[in-house]
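> For the sequence shown, numbering that gives the first Met the number 0 assigns the number 0 to the initial residue and increments by one for each residue that follows. Note that CB positions come from ideal geometry on N, CA and C, so glycine has one too. Quantities reported herein were computed from a predicted structural model and do not represent experimental measurements.
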Amino acid sequence: MTLSHGRPYLAIPGPSVMPDRVLAAMHRPAPNIYEGALVDMV
Numbered sequence: 000m001t002l003s004h005g006r007p008y009l010a011i012p013g014p015s016v017m018p019d020r021v022l023a024a025m026h027r028p029a030p031n032i033y034e035g036a037l038v039d040m041v
């Protein structure tokens, strides 16, 4: 049996359906900690 069909879900504390807004935020690249806006902020 496979669970690869349908919408992905978070199994902790789970299962919870993840809103599209949260999934989109999770797929953003990590900020560069050595240059750019993050360094300017600190």
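(1) Tell me whether the beta-carbon of Pro-30 lies closer than 8 angstroms to the beta-carbon of Leu-37.
(2) Compute the Euclidean distance between the alpha carbons of Ile-20 and His-26, then round it to the nearest angstrom.
(3) Roughly how many angstroms separate the alpha carbons of Met-17 and Ala-24, rounded to a whole number?
(4) State the DSSP-derived secondary structure class of Val-21, mapped to helix, strand or coil.
Reading from the atomic positions:
(1) Yes, the Cβ-Cβ distance between Pro-30 and Leu-37 is below 8 angstroms.
(2) What sits at residue 20 in the sequence shown is Arg, not Ile. Their Cα atoms are separated by approximately 10 angstroms.
(3) Cα to Cα, the separation comes out at about 11 angstroms.
(4) In the three-state scheme derived from DSSP, where H, G and I count as helix and E and B as strand, Val-21 is classed as helix.
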